Amino acid sequence: MATQTLRTFVAYVEDRPGVLNRISSLFRRRNYNIVSLNVGRTHEVGVSRMTFRVEANEDSARRIEANLYKLVNVLSVEDITDKPSVSRDLALIKVAVGPQKRAEVLQLCEVFRARAVDVGPDTLIVEITGTQDKIDGLVNILQPFGVAEMVQTGALAMTRGPEGEAAKSVHQPPILRGVTAA
Amino acid sequence: MAASVTNLSPNETRPETRRLTGSQIIWDTLVNQGVEVVFGYPGGAIMPAYDALPQYPGLRHILVRHEQGAAHMADGFARASGSVGVCVATSGPGATNLVTGIANAQMDSIPIVCITGQVASTLIGSDAFQETDITGITLPITKHNFLVSRTEDIMPTLRQAFYIASSGRPGPVLVDITKDAQNASCDYAFDSTPVRLSGYRPDRYPVPEEFEQALELIRKAKRPVIFCGHGVIKANAMSLLLEFVHKTNIPVALTLLGLGGFPATHERSLGMMGMHGEAWVNTAIQEADLIIALGMRFDDRVTGNLKTYAPNAKKIHVELDPAEVNKNVKVDAPLLGDVREILRTLMPHVERLNIDEWIAHIETLKGDSAVRDIQELPDDGRLFAAHVIHDLWRQTQGKALVVTDVGQHQMWEAQYYKHDHPRKLITSGGLGTMGFALPAAMGARFACPGDEVWVVAGDGGFQMTACELATCAQENIKVNIAIINNGYLGMVRQWQQFFYGGRYVATPIKSPDFVKLAEAHGLKGIRVTKRSEVRDAVAQANQNAETTIVDFRVEQEDSVYPMVPAGADLHNMIRRPIPEGQGHNPIFETGED
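Heads up: the sequence lines are chains L and F, in that order.
To convert a position in the first sequence, counted from 1, into the numbering used here, add 103.
To convert a position in the second sequence, counted from 1, into the numbering used here, add 7.
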């Protein structure tokens with residue numbers, strides 16, 4: 104067995120009730136280890152786009168793709184792990200910090216290109232986008248001030264350059280040939 | 008309606024638009040899909056549909072005794088006919104009773120459409136009487152499912168259901184229709200244009216390089232074996248496989264569900280492989296240098312221990328479902344697509360292989376067992392299940408449509424009934440569903456009205472769905488039933504004997520008097536205790552106008568041999584012991600010792 108690595112997939116799915124359930128049920132049933140999963144609307148009505156990350160080797164990654172294609176509501180899937188891409192998480196962090204140390208926290212946030220989106224008498228909400236590493240870095244720095252709450256999305260990813268394979272085949276299903284085309 | 012006909016060419020006629028209720032639309036759509044028989048059971052949430060059923064006299068409804076039976080009947084019909092089987096149930100318990108039958112169809116890739124009633128859409132989520140989330144429950148065991156709550160969605164959804172069930176790798180599709188959708192009306196005209204689903208692409212084709220790679224492996228092979236799986240039968244590739252074998256001379260091993268995909272009596276047929284495969288087949292696989300797997304999925308019952316499986320063989324995997332490739336066995340040359348199309352493409356490029364040595368070697372593996380015939384062995388007064396199956400094969404000239412249950416009798420059937428034709432063995436492979444045989448045979452009866460249909464079941468499994476005898480009686484469905492009655496849950500008892508120190512926990516089973524059970528239903532029953540009575544009983548059963556049970560009282564503690572223990576190496580088989588001081592065992596020994 105080849106080694107397991109973190110793999111990133113992009114999938115276009117029909118925006119209907121129950122589709123996310125079908126996908127998560129598939130992952131559960133086939134014992135795929137999901138690291139993060141994100142779904143949201145696209146610029147097109149009726150089409151949602153997912154980004155998800157799983158621990159998998161190359162072969163099981165191919166079968167994840169193949170199994171997803173077996174779901175009738177899945178329009179297209181692309182494994183973008185080895186493609187140049189941009190990937191972002193979004194996190195909101197509520198720091199328990201009053202007026203005395205507020206300036207210090209804001210200064211640190213600047214280093215991370217995070218910004219304050221809400222200020223209360225004893226708290227501050229910081230918004231940060233970036234990779235998991237960057238978010239972890241900020242959280243570590245803020246920890247001594249007291250992190251009261253934190254919420255974060257899974258990764259959103261998009262390939263660099265021209266329109267991606269998954270996006271291209273949403274409306275024009277490719278004639279599937281060969282194994283690698285999955 | 009003439010006014011609306013504007014953009015049609017003179018030869019086209021648009022079907023007349025009528026105002027129908029959802030209930031009428033359900034049946035009208037089924038009729039338009041070519042359905043002639045549905046298996047079902049009424050109940051509250053499906054009553055509007057049943058109320059409209061008499062308006063469709065072309066549809067025969069079979070009233071089952073338990074919804075599991077309805078699903079198995081649809082399944083049996085689908086397997087025997089190659090088309091889609093349909094079953095109907097109400098919401099809640101009616102729907103959940105279908106679940107085993109649906110899972111069975113899913114595991115064996117059988118196209119069935121299950122229609123269930125659902126509580127009114129306004130009540131969904133309120134824990135209403137007989138409400139159950141059947142689309143949620145069946146999500147992992149269907150190819151796809153739908154919840155329909157609008158009347159105008161019924162016809163398009165059912166059309167999609169038939170299309171999804173029968174295309175690509177087939178499977179069960181469930182359509183859950185709310186009671187208010189059945190009751191309401193809408194304008195309706197059956198749409199006969201091809202179904203198109205944007206996210207569903209069932210067809211695929213190999214690339215030329217993949218063909219080249221496979222052909223290269225075939226040309227170089229010295230010890231090749233072809234595997235004939237269920238996909239060969241599903242793709243109707245039997246005659247192409249036969250031609251392929253005639254051209255190349257490569258021997259063929261079969262999976263349980265592949266039996267009949269290549270003639271069992273053909274000289275290049277090796278028989279069934281795997282856990283209860285003949286010794287020579289499994290040995291040949293372990294020694295092979297090339298496996299050409301056609302429409303099969305390297306199930307654990309076929310491979311045994313994957314680490315030591317066919318260690319010398321390159322593998323070509325012809326398979327429609329990409330998710331099956333490299334799942335269990337690492338493949339050297341995958342060919343993704345329809346078995347028939349791929350065989351057709353390969354055909355002109357293959358020629359007779361120089362493998363006489365290999366063929367001769369397999370013949371020696373067979374030893375003298377292949378030419379011995381249990382028919383010729385002396386009758387010592389004991390009746391063995393293998394005798395029953397062998398004599399059933401003889402008496403029916405190998406032409407019966409046999410539907411088996413699950414267990415020892417199923418394996419004996421696979422070993423001793425030589426199927427030369429496809430779709431004449433119907434058996435629950437993947438799920439191993441006891442109770443499958445009787446209802447599946449009843450469904451198959453409608454697909455093959457001219458066939459002699461035989462149920463082969465154990466005394467345990469038969470009792471799981473024996474209630475359907477009443478359906479046979481009420482609906483005048485004629486099948487023949489061979490109960491291989493050994494007083495045990497035989498396969499479990501066999502495992503207890505081999506692997507659990509002979510502790511027969513919960514396996515001795517007491518049965519009703521099956522002859523009287525048949526008679527209580529107004530059917531016929533025959534009891535057989537001697538080998539000499541088998542053929543007459545088989546003939547008599549078939550002559551009877553009504554369904555007939557033949558209760559074969561067989562040797563109680565016989566086991567299926569050879570046996571590869573679960574997870575063991577394929578060549579490590581438990582063989583039939585020969586008791587000391589006895590010249591031979593009264594049972595045909597399968598393979599060289």
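For every residue, glycine included, the Cβ atom is placed at its ideal position computed from N, Cα and C.
Keep in mind that this is a model prediction, so the values were computed, not measured.
Taking 6 Å as the limit between beta carbons, can you name the residues of its chain near residue i, skipping five residues before and five after?
i, result
"Lys-485(F)", "Thr-554"
"His-356(F)", "Leu-222"
"Met-354(F)", "none"
"Gly-509(F)", "none"
"Gly-437(F)", "Met-114, Asp-115"
"Ile-233(F)", "Ile-257, Val-259, Ile-299"
"Leu-432(F)", "Leu-266, Gly-267, Val-409, His-426"
"Glu-117(L)", "Asn-176"
"Asp-386(F)", "Arg-538"
"Arg-430(F)", "Ala-87"
"Thr-272(F)", "Lys-425, Asp-427"
"Lys-254(F)", "Val-357"
"Val-122(L)", "Val-116, Asn-176"
Give the straight-line distance between the Cα atoms of residue i and residue j, rounded to the nearest whole angstrom.
i, j, result
"Ile-238(L)", "Asp-192(L)", "8 Å"
"Arg-347(F)", "Asp-427(F)", "19 Å"
"Leu-27(F)", "Ser-192(F)", "5 Å"
"Glu-161(L)", "Thr-24(F)", "53 Å"
"Tyr-115(L)", "Pro-209(F)", "18 Å"
"Ala-127(F)", "Thr-315(F)", "55 Å"
"Arg-216(L)", "Ser-188(L)", "20 Å"
"Leu-496(F)", "Val-561(F)", "13 Å"
"Glu-216(F)", "Glu-358(F)", "19 Å"
"Lys-186(F)", "Ile-488(F)", "39 Å"
"Val-93(F)", "Pro-329(F)", "27 Å"
"Gly-278(F)", "His-578(F)", "16 Å"
"His-324(F)", "Ser-156(F)", "42 Å"
"Ala-242(F)", "Ser-151(L)", "35 Å"
"Asp-380(F)", "Gln-563(F)", "Because Asp-380(F) sits at a pLDDT of 47, beneath the cut-off of 50, its placement in the model cannot be relied upon, and the point is left open."
"Pro-22(F)", "Gln-189(F)", "22 Å"
Only counting the same chain, and skipping five residues up and downstream in sequence, which positions put a Cβ closer than 7 Å to that of residue i?
i, result
"Tyr-423(F)", "Ala-393, Ile-396, His-397, Trp-400"
"Ala-546(F)", "Gln-402"
"Asn-136(L)", "Val-157, Glu-158"
"Met-653(F)", "Nothing about residue 653(F) can be reported from this structure: the residues present for chain F run from 8 to 600 only."
"Met-580(F)", "Ala-286, Asn-289, Pro-569, Met-570, Val-571"
"Gln-235(L)", "Asp-192"
"Val-180(L)", "Phe-112, Ala-114, Glu-168, Leu-171, Tyr-172, Ala-269"
Could you name the residues of chain L that residue i contacts, counting a contact when the two beta carbons are closer than 7 Å?
i, result
"Tyr-207(F)", "Val-175"
"Ala-330(F)", "Arg-166, Ala-169, Asn-170, Lys-173"
"His-151(F)", "Val-175"
Please list, in chain order, all residues of the same chain as residue i whose beta carbon is under 8 Å from its beta carbon, the five residues on each side excluded.
i, result
"Asn-335(F)", "Arg-304, Phe-305, Asp-306, Asp-307, Thr-310, Leu-313"
"Ile-109(F)", "Ala-78, Ile-119, Cys-121, Thr-145, Ile-148, Thr-149, Pro-179, Leu-181"
How would you list, in chain order, the residues of chain F whose beta-carbon sits under 7 Å from the beta-carbon of residue i?
i, result
"Asn-136(L)", "Within 7 Å Cβ-Cβ: nothing; Asn-136(L) doesn't reach chain F, min ~17 Å."
"Asp-162(L)", "Asn-333"
Going along chain F in order, which residues have a C-beta closer than 9 Å to the C-beta of residue i?
i, result
"Leu-178(L)", "Ser-205, Gly-206"
"Asp-118(L)", "Within chain F, no residue comes near Asp-118(L); the closest Cβ sits about 12 Å away, beyond 9 Å."
"Asp-225(L)", "The contacting residues do not exist; Asp-225(L) stays about 41 Å from chain F at best."
Could you name the residues of chain L that residue i contacts, counting a contact when the two beta carbons are closer than 8 Å?
i, result
"Asn-335(F)", "Result: empty, since nearest Cβ-Cβ is about 11 Å, beyond 8 Å."
"Ile-171(F)", "Val-175"
What I want to know is whether the C-beta of residue i ends up closer than 6 Å to one or more non-hydrogen atoms of the ligand MN.
i, result
"Leu-245(L)", "With respect to the ligand MN, the structure shown offers nothing to examine, as it has no ligands at all."
What is the C-beta distance between residue i and residue j, in whole angstroms, given that I count them as a contact (C-beta under 8 Å)?
i, j, result
"Glu-230(L)", "Val-220(L)", "5 Å"
"Val-175(L)", "Gly-206(F)", "6 Å"
"Thr-97(F)", "Ile-53(F)", "4 Å"
"Tyr-63(F)", "Val-38(F)", "6 Å"
"Arg-582(F)", "Pro-569(F)", "5 Å"
"Met-449(F)", "Gly-99(F)", "Contact doesn't hold; Cβ gap of about 25 Å is too wide."
"Thr-123(F)", "Asp-183(F)", "5 Å"
Which residues in chain F have a C-beta closer than 8 Å to the C-beta of residue i? List them in chain order.
i, result
"Asn-124(L)", "Gly-143, Leu-146"
"Arg-152(L)", "Within chain F, no residue comes near Arg-152(L); the closest Cβ sits about 13 Å away, beyond 8 Å."
"Arg-132(L)", "Pro-147"
"Ser-128(L)", "Leu-146, Pro-147"
Inset, instruction - Spell out a yes or no on whether the stretch 184-199 of chain L and the stretch 245-255 of chain L are touching, meaning 3 or more CB-CB pairs, one atom from each, closer than 8 Å. - result: Verdict: yes, contact present.
Inset, instruction - Report yes or no: do the stretch 76-86 of chain F and the stretch 137-154 of chain F share at least 3 C-beta pairs separated by less than 8 Å? - result: Short answer: they don't touch.
Inset, instruction - Please determine if the stretch 102-111 of chain F and the stretch 471-491 of chain F are in contact, where contact requires at least 3 C-beta pairs separated by less than 8 Å. - result: no
Inset, instruction - Say whether the stretch 445-464 of chain F touches the stretch 521-540 of chain F, bearing in mind that this needs 3 or more beta-carbon pairs closer than 8 Å, one atom from each stretch. - result: no
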